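Undergrad: One structure, pasted below without further comment.
Residue numbers (my numbering), protein chains in the order written: chain A, 1 to 495; chain B, 1001 to 1495.
Listed below in structure tokens is the structure:
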């Protein structure tokens, strides 16, 4: 006898309304055979080809079978530019990785050390500053952040966590408790102290209202206040965790001076600093290997997501020997060796990041896309801030002449982009932000295609979501891009 | 400024004293090149060949590079029979799986449905009884059990968990709190109610002292008492979680009637029943696909470990549509799609389990090994109960003429087996139990070799750990196996 389910909670995420896989009732589970991947070639021409009837495909019902580079193919044979596979750093069907995979014969780490684990540790540690020399391998960013929080709690003896509101650090029950999706259902065991996201576009301290150089420092006051409160109540600071680019909350880069100030404060209270590099690590920004390096700080624990193995289930936690010793006195190290195949793939990823011109590509293509997309915030009144670093890009959609999140417009744009064979993501607490996080190997031609199609879609969206306004000369020309002024600081461009 | 670490806790597990990987200080991280896997062929002859100098290799410092079937090869080129890779159901370097892997071109699920996920769901659901039709894919047994507990808490509105003492359900912080390794460091947020393991060998209710048929029913009284206490304090029963074969605590099979009684009680209190099939699922017992089937019960949630994908990072949670709906109203279903490559491997695993004679092999080889090993409990006074089902086998080592766990003897036996090229595991809270959990494709020849080498090692161990006793005629013969009586109920054989 099972009880009736409790009242359904309002879904937090736009995804939530989708039913779970239920083969008994869902006729969509009759899967057509997957076309041969060798036939894949994405359309990147400016003709914006659309298959007849393609418009009727709902992105939420799409199913994919194969891919190559930044192009993925649906089971019905349509090819799309993939701007959502943030973990597939080096693209789908990467030849070197496929060769590597095929050479591996050991299917588990047999609870003992595998050569790949040892070699990967050596490579990874060489990419991080001292004293980050102890590596633990797990299977996902959820497990990585969960382990990092456990490490911090073990080391400090305090479960007090300071984290940013609306951030996403994973799906284990502990991660959910400190994450965007947290809800009363998950309880509040871990002592949680949230601080506002240092969002200079929509937050309480905004660019334009305060000096740009002081915004990070001003936001850091929230963390200082929390630390002060914890200590004044005779409690103890445990850990501070955040992403250098807050991905799920809308690709928000931390303002300058924020991390420097926060780290200084938390360290002075003997707290542990965790940098969640799931999204910002391994070249996403184009400039640095890790997101925290931009801010001239060194965390105590770094967590690395599935990008480490090009999307395969491998994640890592790197910390100091001192912190590592504490956790291994309680949990066996042999639980954290990673599986040999994923470790081999990770070695190939690090080698390719090092030897090929991937980071140069991220800088070049990312800069181009940001310039192109930034123009839309001047051209369309429902496009708010356009922001980004490297190949992390976002268009913040708003209700005209405000900064109110425009969820419906974002869903419209995502679906229309899908119909034009580009898959983009929705982010932000209200899922009102169009995000682009393609593999780092996105070509210039693909980027041009994405920009063009975005322009077409936004024009279409304007008829529904834009305030009626006088057309400028620019918009009457055949060129779908306005010839207006391009800001010298595109990532700070606002309407 | 970081604080000094707190006083080191006594390691709970024998593994714990091993330092984490630290490439700066550990000279053992100079890895020799891995030999070609094609040269691998394990010695299964009765000559027990040993490389000169092999004895000096400490199992804790061994490193492995390749494998084939049930044989793994160390980086120094020595081949071992692998009796620990419980998740590598179909053996290392399984050809069909390697072919499957190589055909996959999509490196992540791009947050949308992949054909492999849909097909795997259909196959998996067909192996489970109604109403278990909703599948969620995660990366590890830790994530699976973590998600199952979250599901139960969401559905019942209660975080009260009833679990067995000393069980192991994973390494996320929540799993640690309900697991064998739990410690004060992890806090006690989740309301935990532990009951004793229904261990008829070393527990409070033992075979020989009580009627065998009543032992399970008697142990179920502990759960009934906990449920009664929860309700009488106006709290609410949340979930009961256990493994049908309690692996880490020493390969203990639940006694008959235990689960039937426990399930009836927990269901009457509207609690959720979770069967952790990480170890017992997918053919380990030889008789059933799932461990719970032996007891004629149907759980509300089944968790499946990495065996699903032959050791690759894929795990699953299967539940009813009703329970699934509750969790997907809070967390996006798209987080639980699995990666396409692991899903493809899982499809191959299920196909091979279905079409080949793997389960028949488990029954045949498992029965033979159990018979052979069972004789040691009569022959050596430091070998207590020998128990098992299918290819889950354990020798419980004790201090002579008692049931006190003999940790030192177990470590000795494990190391000596390693020197004879067989890798076995240590289990039990005191790590005093020698466990065998080989891939399900262990051949009869390999099993014969394992039994022979175990006999040799136990003879060697007897000189150190056995009580001096008169030799029987059997032991004076050349045949290293005694010719004594073989019990008709080997799995119940006791000293």
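Quick reminder that beta carbons are idealized off the backbone N, C-alpha and C, glycines included.
These figures come from a predicted structure and were not determined experimentally.
(1) If I follow the unbroken alpha helix (DSSP H) through residue 1159 (chain B), where does it start and stop?
(2) Distance, Cα to Cα, residue 1198 (chain B) vs residue 1241 (chain B)?
(3) Beta-carbon of residue 64 (chain A) versus every beta-carbon of chain B: anything under 8 Å?
(4) What does a CB cutoff of less than 6 Å around residue 148 (chain A) pick up in its chain, not counting 5 residues either side in sequence?
(5) Give the secondary structure of residue 1393 (chain B) by DSSP, where H, G and I count as helix, E and B as strand, and everything else as coil.
(6) In this structure, how does DSSP classify residue 375 (chain A) when only helix, strand and coil are distinguished?
(7) Identify the continuous beta strand (DSSP E) that holds residue 82 (chain A) and give its terminal residues.
(8) According to DSSP, is residue 354 (chain A) helix, strand or coil?
(9) Let's see if you can read the secondary structure: which residues bound the alpha helix (DSSP H) around residue 1209 (chain B)?
(10) Is any beta-carbon of chain B found at less than 8 Å from that of residue 72 (chain A)?
(11) Where do the N-terminal and C-terminal ends of the alpha helix (DSSP H) with residue 1413 (chain B) fall, by residue?
(12) Kindly say whether residue 196 (chain A), judged by its beta-carbon, lies nearer than 8 Å to any beta-carbon of chain B.
(13) Name, going along the chain, the residues of the segment 339 to 370 of chain A whose beta-carbon falls closer than 7 Å to a beta-carbon of chain B.
(14) Would you mind stating whether residue 449 (chain A) and residue 59 (chain A) have Cβ atoms separated by less than 8 Å?
(15) Let me check understanding here. Comparing Cα to Cα, which of A:127, A:370, A:193 lies closest to residue 437 (chain A)?
(16) List the residues of chain B whose Cβ lies closer than 8 Å to the Cβ of residue 58 (chain A), in chain order.
(17) Interface residues of chain A around residue 1093 (chain B) at Cβ under 7 Å?
(18) Got a sec, what are the start and stop residues for the beta strand (DSSP E) residue 1317 (chain B) sits in?
(19) Pull up the distance between the alpha-carbon of residue 278 (chain A) and that of residue 102 (chain A), whole angstroms please.
(20) What are the partner residues of residue 68 (chain A), as DSSP defines its beta bridges?
(21) Ordered along the chain, which non-local residues of its own chain (more than five positions away) have a Cβ less than 6 Å from that of residue 1429 (chain B)?
(22) Quick one: is residue 136 (chain A) buried, meaning 16 or more other Cβ sit within 10 Å of its Cβ, or exposed?
(23) Do residue 1172 (chain B) and residue 65 (chain A) count as a contact pair if the criterion is CB distance below 8 Å?
(24) Quick one: does residue 1313 (chain B) have its CB under 8 Å from some CB of chain A?
(25) Check whether chain A comes within 8 Å of residue 1185 (chain B), counting only Cβ atoms and requiring the distance to be less than that.
(26) Determine, using beta carbons only, whether residue 410 (chain A) and residue 426 (chain A) come nearer to each other than 8 Å.
(27) Does the beta-carbon distance from residue 1413 (chain B) to residue 1458 (chain B) come in below 8 Å?
(28) Just to confirm the assignment, what range does the alpha helix (DSSP H) spanning residue 1336 (chain B) have?
(29) Determine the extent of the beta strand (DSSP E) in which residue 76 (chain A) is found, giving its start and end residues.
(30) With 8 Å set as the bound, which would you pick, yes or no: does the beta-carbon of residue 442 (chain A) sit closer than that to a beta-carbon of chain B?
(31) Report yes if the C-beta distance between residue 1160 (chain B) and residue 1195 (chain B) is below 8 Å; otherwise report no.
(32) Note down, in chain order, each residue of its chain lying with its Cβ closer than 6 Å to the Cβ of residue 24 (chain A), except the 5 sequence neighbours on either side.
(33) How would you list, in chain order, the residues of chain A whose beta-carbon sits under 8 Å from the beta-carbon of residue 1143 (chain B)?
(34) Tell me, please, whether the segment 1458 to 1467 of chain B touches the segment 1279 to 1297 of chain B by the rule of three or more beta-carbon pairs shorter than 8 Å.
(35) What does a CB cutoff of less than 8 Å around residue 143 (chain A) pick up in its chain, not counting 5 residues either side in sequence?
(36) Is it true that the CB of residue 276 (chain A) sits closer than 8 Å to the CB of residue 213 (chain A)?
TA: A quick look at the data gives this:
(1) Counting from 1 along the second chain, the entry for residue 1159 (chain B) is found at position 159. That residue, residue 1159 (chain B), is in no alpha helix (DSSP H); it is neither H nor E in DSSP.
(2) In the second chain, residue 1198 (chain B) corresponds to position 198, counting from 1. In the second chain, residue 1241 (chain B) corresponds to position 241, counting from 1. Roughly 14 Å between the two C-alpha positions.
(3) What you label residue 64 (chain A) is simply residue 64 of the first chain in a count that begins at 1. Against chain B, the CB of residue 64 (chain A) has a partner CB under 8 Å away; the residue lies at that interface.
(4) For the purposes of this step, residue 148 (chain A) is identified with residue 148 of the first chain, where counting begins at 1. Cβ neighbours of residue 148 (chain A) beyond the five flanking positions: 274, 301, 303, 317.
(5) The residue labelled residue 1393 (chain B) in the question sits at position 393 within the second chain. When DSSP states are grouped into helix, strand and coil, residue 1393 (chain B) belongs to the strand group.
(6) Walking along the first chain from the start, residue 375 (chain A) turns up at place 375. Look at residue 375 (chain A) here: in three-state DSSP terms it is helix.
(7) As a working mapping, residue 82 (chain A) is identified with position 82 in the first chain. In the DSSP assignment, residue 82 (chain A) falls within the beta strand (DSSP E) that extends over 79 to 82.
(8) Within the first chain, the letter at position 354 stands for residue 354 (chain A). In this structure, residue 354 (chain A) counts as helix in the three-state DSSP scheme.
(9) Within the second chain, residue 1209 (chain B) is the residue found at index 209, counting from 1. From DSSP, residue 1209 (chain B) is part of no alpha helix (DSSP H); its letter is neither H nor E.
(10) For this step, residue 72 (chain A) is matched to residue 72 along the first chain. Yes, residue 72 (chain A) lies at the interface with chain B (some Cβ there is under 8 Å from its Cβ).
(11) Within the second chain, residue 1413 (chain B) is the residue found at index 413, counting from 1. Segment 1407 to 1419, the alpha helix (DSSP H) holding residue 1413 (chain B).
(12) Locating residue 196 (chain A) in the first chain gives position 196, where the first residue counts as 1. Answer no: the Cβ-Cβ gap between residue 196 (chain A) and chain B never drops below 8 Å.
(13) Listed in chain order, the positions of the segment 339 to 370 of chain A with a beta carbon within less than 7 Å of a beta carbon of chain B are 339, 341, 342.
(14) Looking up residue 449 (chain A) in the first chain gives position 449. Looking up residue 59 (chain A) in the first chain gives position 59. Not a contact, by the Cβ cut-off of 8 Å.
(15) Position 437 of the first chain, counted from the first residue, corresponds to residue 437 (chain A). Ranking the options by Cα distance to residue 437 (chain A), first place goes to A:370.
(16) Position 58 of the first chain, counting from 1, holds the residue named residue 58 (chain A). The contacting residues do not exist; residue 58 (chain A) stays about 11 Å from chain B at best.
(17) Here the question's residue 1093 (chain B) lines up with position 93 in the second chain. 105, listed in chain order.
(18) By one-based count along the second chain, residue 1317 (chain B) stands at place 317. 1315 to 1320 is the span of the beta strand (DSSP E), which, as asked, contains residue 1317 (chain B).
(19) In the first chain, residue 278 (chain A) corresponds to position 278, counting from 1. In the first chain, residue 102 (chain A) corresponds to position 102, counting from 1. A direct Cα-to-Cα measurement between residue 278 (chain A) and residue 102 (chain A) gives close to 26 Å.
(20) In the first chain, the residue the question calls residue 68 (chain A) occupies position 68. Under the DSSP definition of a beta bridge, residue 68 (chain A) partners with A:71.
(21) Working through the second chain from its first residue, we reach residue 1429 (chain B) at position 429. 1166.
(22) Your numbering for residue 136 (chain A) matches position 136 in the first chain. The residue in question, residue 136 (chain A), is buried, as its Cβ has 16 or more Cβ neighbours within 10 Å.
(23) To locate residue 65 (chain A), count along the first chain from 1; it is residue 65. To locate residue 1172 (chain B), count along the second chain from 1; it is residue 172. Contact flag unset, no.
(24) Within the second chain, residue 1313 (chain B) is the residue found at index 313, counting from 1. Answer yes: the Cβ-Cβ gap between residue 1313 (chain B) and chain A drops below 8 Å somewhere.
(25) Within the second chain, residue 1185 (chain B) is the residue found at index 185, counting from 1. Reliability fails at residue 1185 (chain B), whose pLDDT of 43 lies under 50, so the model's placement of it is uncertain and the value that follows must be treated cautiously. It does: the Cβ of residue 1185 (chain B) has a partner Cβ on chain A nearer than 8 Å.
(26) To locate residue 410 (chain A), count along the first chain from 1; it is residue 410. To locate residue 426 (chain A), count along the first chain from 1; it is residue 426. A contact, by the Cβ cut-off of 8 Å.
(27) Here residue 1413 (chain B) corresponds to residue number 413 of the second chain, with the count starting at 1. Here residue 1458 (chain B) corresponds to residue number 458 of the second chain, with the count starting at 1. For residue 1413 (chain B) and residue 1458 (chain B), yes; Cβs fall inside 8 Å.
(28) To locate residue 1336 (chain B), count along the second chain from 1; it is residue 336. Careful: residue 1336 (chain B) lies outside any alpha helix (DSSP H) and carries neither H nor E.
(29) Residue 76 (chain A) sits at position 76 when you count from the first residue of the first chain. Premise fails: residue 76 (chain A) is in no beta strand (DSSP E) and is neither H nor E.
(30) As a position in the first chain, residue 442 (chain A) is number 442, starting the count at 1. Contact with chain B is absent for residue 442 (chain A), since none of that chain's Cβ atoms lies less than 8 Å from the residue's Cβ.
(31) Walking along the second chain from the start, residue 1160 (chain B) turns up at place 160. Walking along the second chain from the start, residue 1195 (chain B) turns up at place 195. Against a cut-off of 8 Å, the Cβ pair of residue 1195 (chain B) and residue 1160 (chain B) comes out as no contact.
(32) Along the first chain, read from residue 1 onward, the residue named residue 24 (chain A) stands at position 24. Residue confidence for residue 24 (chain A) is low, a pLDDT of 36 falling below 50, so the modelled location carries little weight and cannot support an answer.
(33) In the second chain, residue 1143 (chain B) corresponds to position 143, counting from 1. Residues of chain A passing the Cβ test: 139, 140, 142, 143, 171, 172.
(34) Using a C-beta cut-off of 8 Å, the segment 1458 to 1467 of chain B makes no contact with the segment 1279 to 1297 of chain B, since fewer than three inter-stretch Cβ pairs fall below that distance.
(35) On the first chain, residue 143 (chain A) is found 143 positions in, with the first residue counted as 1. The beta carbon of residue 143 (chain A) is closer than 8 Å to those of 170, 172, 315 in its chain, skipping five residues each way along the sequence.
(36) For the purposes of this step, residue 213 (chain A) is taken as the residue at position 213 of the first chain. For the purposes of this step, residue 276 (chain A) is taken as the residue at position 276 of the first chain. No, the pair does not count as a contact, with Cβ atoms beyond the cut-off.
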